[in-house]
Structure formats: C-alpha cells, structure tokens
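S.K.: For the sequence shown, the UniProt record's numbering begins at 1 and goes up steadily by one. Please find one structure pasted underneath; my questions will follow.
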Amino acid sequence: MKYFSLVTMLILGGQVLAAKPPVPVYKDKNAPVESRVEDLLKRMTLEEKIEQLNQQTVGDNNNPNNNGYKKPTFPAGIGSLIYFSADPAFRNTVQKRAMEETRLGIPILFGYDVIHGFRTIYPISLAQGCSWNPELVEEACAVAAKETKLSGIDWTFSPMIDVARDPRWGRVSEGYGEDPYTNAMFGVASVKGYQGKKLNEQYSIAACLKHYIGYGMSEGGRDYHYADISAQSLWETYMVPYEAGVKAGAATLMSGFNDISGIPASANPYTLTEVLKGRWKHDGFVVSDWGSVEQLMAQGVAKDRKEAGLKAFMAGVEMDMVDDIYGQNLKQLIDEKKVPMTKIDDAVKRILRIKFRLGLFDNPYTPIVAERYLQPESKAVAAKLATESMVLLKNKSKVLPLGSNIKSIALVGPLAKDQADLIGNWSAQGDPKDAETIIDGFNKEFAQKAQINYAKGTEIDGTDESGIAEAVAAAQKSDVVVVCLGEKKTWSGENTSRSNISLPAIQEKLVAELKKTGKPIVLVLANGRPLELVRLEPMADAIVEMWQPGVAGGTALASIISGRVNPSGKLDITFPLTTGQIPTYYDMRQSARPNSGKYQDIPTDPLYWFGHGLSYTDFTYAPISLSAAQIHKNQKLVATVEVSNTGGVTGKETALWYIASHASSISRPMKELKHFEKKEIAAGGKYVYKFEIDPMRDLSFPDADGKKHLESGDFVIMAGNQKIKFELVD
Ligand code: BGC
Numbered sequence: 001m002k003y004f005s006l007v008t009m010l011i012l013g014g015q016v017l018a019a020k021p022p023v024p025v026y027k028d029k030n031a032p033v034e035s036r037v038e039d040l041l042k043r044m045t046l047e048e049k050i051e052q053l054n055q056q057t058v059g060d061n062n063n064p065n066n067n068g069y070k071k072p073t074f075p076a077g078i079g080s081l082i083y084f085s086a087d088p089a090f091r092n093t094v095q096k097r098a099m100e101e102t103r104l105g106i107p108i109l110f111g112y113d114v115i116h117g118f119r120t121i122y123p124i125s126l127a128q129g130c131s132w133n134p135e136l137v138e139e140a141c142a143v144a145a146k147e148t149k150l151s152g153i154d155w156t157f158s159p160m161i162d163v164a165r166d167p168r169w170g171r172v173s174e175g176y177g178e179d180p181y182t183n184a185m186f187g188v189a190s191v192k193g194y195q196g197k198k199l200n201e202q203y204s205i206a207a208c209l210k211h212y213i214g215y216g217m218s219e220g221g222r223d224y225h226y227a228d229i230s231a232q233s234l235w236e237t238y239m240v241p242y243e244a245g246v247k248a249g250a251a252t253l254m255s256g257f258n259d260i261s262g263i264p265a266s267a268n269p270y271t272l273t274e275v276l277k278g279r280w281k282h283d284g285f286v287v288s289d290w291g292s293v294e295q296l297m298a299q300g301v302a303k304d305r306k307e308a309g310l311k312a313f314m315a316g317v318e319m320d321m322v323d324d325i326y327g328q329n330l331k332q333l334i335d336e337k338k339v340p341m342t343k344i345d346d347a348v349k350r351i352l353r354i355k356f357r358l359g360l361f362d363n364p365y366t367p368i369v370a371e372r373y374l375q376p377e378s379k380a381v382a383a384k385l386a387t388e389s390m391v392l393l394k395n396k397s398k399v400l401p402l403g404s405n406i407k408s409i410a411l412v413g414p415l416a417k418d419q420a421d422l423i424g425n426w427s428a429q430g431d432p433k434d435a436e437t438i439i440d441g442f443n444k445e446f447a448q449k450a451q452i453n454y455a456k457g458t459e460i461d462g463t464d465e466s467g468i469a470e471a472v473a474a475a476q477k478s479d480v481v482v483v484c485l486g487e488k489k490t491w492s493g494e495n496t497s498r499s500n501i502s503l504p505a506i507q508e509k510l511v512a513e514l515k516k517t518g519k520p521i522v523l524v525l526a527n528g529r530p531l532e533l534v535r536l537e538p539m540a541d542a543i544v545e546m547w548q549p550g551v552a553g554g555t556a557l558a559s560i561i562s563g564r565v566n567p568s569g570k571l572d573i574t575f576p577l578t579t580g581q582i583p584t585y586y587d588m589r590q591s592a593r594p595n596s597g598k599y600q601d602i603p604t605d606p607l608y609w610f611g612h613g614l615s616y617t618d619f620t621y622a623p624i625s626l627s628a629a630q631i632h633k634n635q636k637l638v639a640t641v642e643v644s645n646t647g648g649v650t651g652k653e654t655a656l657w658y659i660a661s662h663a664s665s666i667s668r669p670m671k672e673l674k675h676f677e678k679k680e681i682a683a684g685g686k687y688v689y690k691f692e693i694d695p696m697r698d699l700s701f702p703d704a705d706g707k708k709h710l711e712s713g714d715f716v717i718m719a720g721n722q723k724i725k726f727e728l729v730d
C-alpha cells in the first residue's frame, strides 16, 4: 500500500508536470503575428475585447485644447493611454499592472503627440517641406523616435499630411504645405523615420497619419469647421498623401474632426472602410481624434453618445480616443444586435496586430537610460534641417550675404532674443531654454568680423512703441539692419485661426521707422504660416523666412546671413499678397477667361508662389531633353535637364518637375508637381536631373471614386524655366 501510494504520487507528480499548460501561442515570440493575434482573440471575453478599443488619458496634456479631461484612475487593462509625464518609470508601473494584474496580460500602447521632435525640437513640418530633403526629414523623425521610445512611448500622432491651402488655418504649420505630392513624400519620409525598417526595432515607434481626411479644407480657415470637398477634390488632392502613407506601412490613422460634405470624417464608412480597409488593405487601426466620436452629436448626425459610438465604430474607427463612448456603449449595442461580433473581433485584431508588431508583448517595459535627449548627433540633424528649411525670399541688389565690408549689424526685433517662439508650436517635451537664440547665433558667426548692436524695438504684439527709438539708434550706428519679426508660437497649431495673416501693426511700424535710416533692411521672419507681407516687403532689401526652426535656429540663420551656407529652401506653400487672395495655390485649375476675372484693387498674383526660393548663386536650366517625343501608355519616358551653377558659389538646387495636360475629359490643374530632386552643384559645375515618367503613376488622374484614368493626348513637362511637350498614344 505504502509502495503503491508512492508510485501513485510519482505518477501523479509526473502527470502534474506533464499537464503543465504549454506557453500559449500568443505569448510565443517565435510564432507568427497573425497566429498570436488569433490565439489571443480566442481567449478574450467581450469585456476584455471592448477594453482594447479604448484610449484613456492621465492628463499632463501638452495640447491646451484638450485639457479638463484628466482621469486620475483607469482600469489595469486598457487598449491605450494618451499623455503622461513622459517618464519611463511611470510607464513601467502602469504597464506592470496591465501585464501582471489582468487575466491575459495584454500590454498597453502608450501614445503621445510628437510633432516636430520630442525634446530635440527641429523645424515645424511646414518648414521641413521647404527643405525638399525627405531623407533629412526621415533622419529627424528617427531622432524623435529614439527620444520618444526611451521616454516610454510607442506611438506618435504624426505625421499630419492634410493638404492645406488656407494659411488662416493655424494647422498649416503642422503639415507640408499646399501640394498633395509634397505631403505624400514628406509623410512617407516621416513614417519611415518613426517606424524604422520594422516596428519592433529598438527605437521604432508607430506612426499615425492624420487627420483622415480633408481637415485642411476647414471652411474659412476656421478650425473644426465643415469641409466642403467634392468627390473629385477628395481623390485628386486630399487622398494622395494618405494613399502613399498607407502604402509606406503607416501602422495607424486618425479620423478627423471635420465634416466632409455632410458625412463627418469620424463616421464616414466610405473613407474609413471602403477605401482604407477595402481598397488599400490597411490592416492596422484607426483612432478617433480627441473627442471626435462624441462630437458627432455637435455635428448633428447622432442624437446621443450611444448613437455617436455606433456610427463611428460601424464606419471603421477602431479606437475611441478618451470619450469612453465605446467603453460605455458597445456591449449594449452588441446585445441589441446593432454591432456584430465580427466587427468587434476585426477591430480588436487590428489593435492587437500593431501591439504584436511593435513587440510590446515581448518587451513591454522601457529601459531607464540617463542620456536620452539632445545628444550632439541629434542636435546636428536639427541644425541641418533648420538650415535647409530656411527660404531666401528676396535679395535686392544682393544685399545678402553680408560681406567683409559689413563691420556692424543692428540686430533688432522681438524675435532676436526669443527662445519660446522659435521652438514653435506643439513641441512635445521641448524646452524653450534649449533653443539657440538668433543673437547667440550671430555672436558666434560674426565674432571678430562685425559688431552686433542689439535692440528689441517692440514686442511681437501690442501698442508699446517705447523701444523703437533704441532700435533706430542701433540701426544708425550700423552698416545693415537685420530685423527679426514673426508670430508667437501660440498663433499656430490647433484652434489658432487668424482672419488676417499680416504681422501686427507694431512690427510693421518698427520696420517703417528703421527704413527711414536709409540702411539696408534684412527682414527675418519666424512664423508658422505664410504671412501677408504687402506692406513689409517693399521696405525690405532682403527677406529670409526662417520659420519656427526649433532648437538650432540661431546658427542656421546666421550661417545663411553670413554666406557660410548658401540658402537652399523653396516654399512648399504660396504666400498670398493679401489675405483677401485666399485661396491661392499653384495647382489651381485654369479660369475660363485667363486674362480676365482679376481683382480690381490688388494684383491677382500672390507675392511668392509655391516653389519660390533664391540662392546666392545662379542656376541655369538647359532645355529639357526627352527620350522620345511620343510614348505609348505602357512605355516609360525619361526627361532630363542639365542645370549649371553659373554663379560664384556652390549651392543646392531642387529641380521641381511638373506635368500639365490641357485637354482631357475633365479639366485638370494647370500643373502638378510629380517629382523633385535636390542636389549640390559646385560653382561652375553642372548636374543632369532626371525624371523617369511612369504614365499610369504620373499622367493619369483619378475620377470622383478614385479610379485612375490614363488618357492619350498632349502633355507638357516643366522644370525650372523650361518646358517641353510630348504625346501619349494608346
Ligand atoms: C488634435 C490631434 C491630436 C490629438 C491628441 C487633437 O485635438 O486634433 O492632432 O493628435 O488632439 O492630442
């Protein structure tokens, strides 16, 4: 008996060992992501599934429009968390609860708005586009991703790729300007920079294309407003960057606040499901914008929160940002058979898929690293991008660069010693104290070369003229005046629309008084949108648009003013002459009477077109050569243009290649950017720029349902001041 029980115990013991449950597939890091997703989904209760569809917040919000939502407590298991102190230790504590105190141990996805850098702030996106250097933007986004990841965050709500043609809208600063292709190229560069080659690399974070879709068209530039977008414009203008971003592998998208011609972007089954998931096969997920599910009530398409949740969820918004509408209503909507389980499962799978791809199940915690911010190599990228983003708008009589004959510079204006506004709007954990001022940059650049006479002159805004006399005195004793004007950073970004985009009268007054000294005036502009310069431009001999450059603007600007660096930026957005010209953008359609219909009171052309930007050297474009004068639809065409640097200094030139078709079955934009390339050309040197035209990609146009049409006929290709015709035949 005794013997028997010992054996039994041994056997039982053996059975206990043998019966130890195997590691579930979803916890096996070697199993394929899809098997892990399916396995986990099978184990989840409905409540656990619904938890995944919600994003909560703990406050510490760096978006002033979204305060007042502070939620001190939340359950251990949630889909995602937006905003926190950016302290990895906090993340680890919260994550530990999710991993250890919930039944299945599903990690939380931590999100944050990292718009133009996390702590090493680089220029705002509108400036980045002017660099025409997507590789550099990719590098900058990779820097941001590393700082972000080391701060306990896995997901940024960036890039914003809303084509924006109304500079009254404060959010023009957050995107890459007025052109669909430019937004597409820089959006793709950002996605690559954030996400790296694979989402589970050490410093990769998930990107979020926003705000899907049409938000940039908010009526009158008023934020959160209705967007009247025809189906044709939706496809040829607004969808272009999103399609490219999805193709580039962007993990997530955010649905916009705006109402698209009657169907809000956050309740739009056509854009969110039919196109995004159906045609483009996006297998990540869509998060609503902050409160955009609840706001369906304000937009008049939902009578209560429950109906708002039903509409958003059924349209294809998988995650509810902070509203808690899904949390409170989805169960009941399922019980009422208004939401099918298959739809819940699909939404949960999409979110889990991204969590698995990010490696969150296998590495849920963030290592605590002391040196994570403002590393020299990170600052070097920010500096390079700041330099390449600046645009020389005007240079009368070659007043710039300041030569060795300049022995004294009056450096005046409210932005000359500013830090906070140069950092720019919405700057994550950016600290104004990190920003190099313009005067610091000048002191370094002109040390032993020229005396810097500083005077502030005026504030950015207001009516105080008491400092103007000092600025005038500084001008009088100097050889040249560099006057640094601009906007406050709070005048750009969300909910910062302006009805008039000129600078405050006090700044114009400062320049008018400086002008009376007869000294050459160099205007430096630090702003987050195109400005109305109709009164300022005639008073300036030179104008440099420095935008909001981030931490490294001072030296970047000074190096351009001194000529140590040749400016190479070109505008990614048109500067209207006056606010009343809005909208004005380069790829509008031809008027029925091109020579009439002008404004009676002002010129009709804008002050600076998209693509405008000067250099200290001259680039001469030879005629464009084509590989054939006629091609068939299945053939490629190669266009080349030789550009010579005929000036005295080395410089970088961006060839912008446009295509126009003047006779197709629908009217087309006057010209469309289809390719660009930036290249440094030594003084006296040449470079042959090349554009390989793929007819379906470059010559077709979408119809009002996105179907691409390629029609035979005549086309014109343009680069620099050159253009040439070719024919497309069947
Ligand atoms: C903005 C988004 C942002 C979100 C979260 C919203 O108000 O529109 O761009 O990502 O807040 O901060």
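Using N, Cα and C, we set each Cβ at its ideal position, and we do this for glycine too. Keep in mind the model is a prediction, meaning the values are calculated, not measured.
Which residues in the same chain have their Cβ closer than 6 angstroms to the Cβ of residue 216, if we skip the five residues on either side of it in sequence?
M.R.: In the sequence shown, the residue the question calls residue 216 occupies position 216. So the list reads 162, 163, 164, once near-sequence residues are dropped.
S.K.: Kindly indicate which residue of 345, 571, 536, 81 has the alpha-carbon position closest to the one of residue 546.
M.R.: Sequence index remark: in the sequence shown, residue 546 carries index 546 (1-based). The candidate whose alpha carbon is nearest that of residue 546 is 571.
S.K.: Whose CA, out of 729, 85, 715, lies closest to the CA of residue 723?
M.R.: Here the question's residue 723 lines up with position 723 in the sequence shown. Among 729, 85, 715, the Cα nearest to that of residue 723 is on 715.
S.K.: Leaving out the 5 sequence neighbours to the left and right, which residues in its chain are closer than 6 angstroms to residue 208 when beta-carbon positions are compared?
M.R.: Here residue 208 refers to the residue found at position 208 when the sequence shown is read from its first residue. For residue 208, where only same-chain residues beyond five positions count, the Cβ hits under 6 angstroms are 157, 252, 254.
S.K.: At the level of alpha carbons, what is the spacing between residue 725 and residue 634?
M.R.: Walking along the sequence shown from the start, residue 725 turns up at place 725. Walking along the sequence shown from the start, residue 634 turns up at place 634. Spanning the two alpha carbons is a distance of roughly 18 angstroms.
S.K.: Residue 494: beta carbon under 8 angstroms from a heavy atom of the ligand BGC?
M.R.: As a position in the sequence shown, residue 494 is number 494, starting the count at 1. Correct: residue 494 has its Cβ closer than 8 angstroms to the ligand BGC.
S.K.: In terms of DSSP beta bridges, what is residue 620 paired with?
M.R.: In the sequence shown, residue 620 corresponds to position 620, counting from 1. Partner(s): 644.
S.K.: Can you name, in chain order, every residue of its own chain whose Cβ lies under 8 angstroms from the Cβ of residue 230, other than the five neighbours on each side?
M.R.: Indexing the sequence shown from 1 puts residue 230 at position 230. The answer, listed in chain order, is 261, 704.
S.K.: Here's the rule I'm using: 16 or more other beta-carbon atoms within 10 Å means buried, otherwise exposed. How should residue 341 be labelled?
M.R.: As a working note, residue 341 is residue 341 in the sequence shown. The residue in question, residue 341, is exposed, as its Cβ has fewer than 16 Cβ neighbours within 10 Å.
S.K.: Please tell me whether residue 500 and residue 532 are closer than 9 angstroms, where the distance is taken between their beta carbons.
M.R.: Translated into positions along the sequence shown, residue 500 becomes position 500. Translated into positions along the sequence shown, residue 532 becomes position 532. Yes.
S.K.: Whose CA, out of 463, 698, 657, lies closest to the CA of residue 505?
M.R.: Residue 505 sits at position 505 when you count from the first residue of the sequence shown. Among 463, 698, 657, the Cα nearest to that of residue 505 belongs to 463.
S.K.: Do the segment 329–346 and the segment 294–314 meet, that is, are 3 or more Cβ pairs less than 8 angstroms apart?
M.R.: Contact holds: three or more Cβ-Cβ distances are below 8 angstroms.
S.K.: Does the beta carbon of residue 217 fall short of 8 angstroms from some heavy atom of the ligand BGC?
M.R.: Locating residue 217 in the sequence shown gives position 217, counting from the first residue. No - the ligand BGC has no heavy atom lying nearer than 8 angstroms to the Cβ of residue 217.
S.K.: Which two residues bound the contiguous beta strand (DSSP E) that contains residue 714?
M.R.: For this step, residue 714 is matched to residue 714 along the sequence shown. First-last of the beta strand (DSSP E) with residue 714: 713–719.
S.K.: Rounded to whole angstroms, what's the CA-CA distance from residue 232 to residue 665? Just pull it up for me.
M.R.: As a working mapping, residue 232 is identified with position 232 in the sequence shown. As a working mapping, residue 665 is identified with position 665 in the sequence shown. The straight-line gap from Cα to Cα measures roughly 13 angstroms.
S.K.: Taking 8 angstroms as the threshold, find out whether the segment 523–531 comes into contact with the segment 474–484 through three or more Cβ pairs.
M.R.: With a cut-off of 8 angstroms, the segment 474–484 and the segment 523–531 count as touching, because enough Cβ pairs lie within range.
S.K.: Does the structure place the segment 315–324 close enough to the segment 273–293 that three or more beta carbon pairs sit under 8 angstroms?
M.R.: Output reads yes: the segment 315–324 touches the segment 273–293.
S.K.: Is residue 464 helix, strand or coil by DSSP?
M.R.: Within the sequence shown, residue 464 is the residue found at index 464, counting from 1. Looking at residue 464 - three-state DSSP - the assignment turns out to be coil, as it is neither helix nor strand.
S.K.: To the nearest angstrom, how far is the alpha carbon of residue 227 from that of residue 256?
M.R.: The residue labelled residue 227 in the question sits at position 227 within the sequence shown. The residue labelled residue 256 in the question sits at position 256 within the sequence shown. Approximately 11 angstroms, taken between the alpha carbons.
S.K.: Using alpha carbons as the reference points, say which of 108, 64, 73 lies closest to residue 79.
M.R.: What you label residue 79 is simply residue 79 of the sequence shown in a count that begins at 1. Answer by Cα proximity: 108.
S.K.: What residues match up with residue 589 in a beta bridge as DSSP calls it?
M.R.: The residue you call residue 589 lines up with position 589 of the sequence shown. Answer is 669, bridged to residue 589.
S.K.: Got a sec? Which residues, its chain only, sit under 7 angstroms from residue 587 by beta carbon, not counting five neighbours each side?
M.R.: Position 587 of the sequence shown, counted from the first residue, corresponds to residue 587. Answer for residue 587: 179, 669, 670, 671, 672, listed in chain order.
S.K.: With DSSP run on the structure shown, which of helix, strand or coil describes residue 144?
M.R.: The count along the sequence shown starts at 1 and reaches residue 144 at position 144. Residue 144 falls in the helix class under three-state DSSP.
S.K.: So does the segment 543–563 actually touch the segment 385–395, counting three or more Cβ pairs closer than 8 angstroms?
M.R.: Touching, yes.
S.K.: Whole-angstrom Cβ separation of residue 309 and residue 330, contact assumed at under 8 angstroms?
M.R.: Along the sequence shown, read from residue 1 onward, the residue named residue 309 stands at position 309. Along the sequence shown, read from residue 1 onward, the residue named residue 330 stands at position 330. Yes, they are in contact, since the Cβ atoms of residue 309 and residue 330 sit about 7 angstroms apart, within 8 angstroms.
S.K.: The beta strand (DSSP E) with residue 724 in it runs from where to where?
M.R.: Working through the sequence shown from its first residue, we reach residue 724 at position 724. That run of the beta strand (DSSP E) goes 722–729.
S.K.: Would you grab the beta carbon distance between residue 112 and residue 382 for me? Rounded to a whole angstrom, and I think it's under 8 angstroms.
M.R.: Stepping through the sequence shown from its first residue, residue 112 is reached at position 112. Stepping through the sequence shown from its first residue, residue 382 is reached at position 382. That pair is no contact at about 19 angstroms.
S.K.: Nearest-angstrom Cα distance between residue 263 and residue 441?
M.R.: Along the sequence shown, one-based indexing puts residue 263 at 263. Along the sequence shown, one-based indexing puts residue 441 at 441. Distance between the alpha carbons of residue 263 and residue 441 is about 50 angstroms.
S.K.: Compute every distance between the C-beta of residue 290 and the non-hydrogen atoms of the ligand BGC, then say whether any falls below 8 angstroms.
M.R.: As a first step, residue 290 must be located in the sequence shown, where it is residue number 290. Yes.
S.K.: Applying the criterion that 16 or more other CB atoms from any shown protein chain within 10 Å of the CB defines a buried residue, is residue 144 buried or exposed?
M.R.: Residue numbering aside, residue 144 sits at position 144 when the sequence shown is read from its first letter. Label assigned to residue 144: buried.
S.K.: Which partner residues does residue 656 have in the DSSP bridge list?
M.R.: The sequence position of residue 656 within the sequence shown is 656, counting from 1. BP columns for residue 656 point to 676.
S.K.: So, helix, strand or coil for residue 547, using DSSP?
M.R.: One-based indexing of the sequence shown puts residue 547 at position 547. Coil, per DSSP.
S.K.: Compute the Euclidean distance between the alpha carbons of residue 416 and residue 456, then round it to the nearest angstrom.
M.R.: Position 416 of the sequence shown holds residue 416. Position 456 of the sequence shown holds residue 456. Cα to Cα, the separation comes out at about 7 angstroms.
S.K.: Which residue's Cα is closest to the Cα of residue 710: 720, 719, 695, 717?
M.R.: Residue mapping note: residue 710 aligns to position 710 of the sequence shown, counting from 1. Nearest C-alpha to residue 710: 695.
S.K.: Report back the beta-carbon spacing between residue 200 and residue 41 to the nearest angstrom; my notes put them in contact at under 8 angstroms.
M.R.: In the sequence shown, residue 200 corresponds to position 200, counting from 1. In the sequence shown, residue 41 corresponds to position 41, counting from 1. Contact doesn't hold; Cβ gap of about 20 angstroms is too wide.
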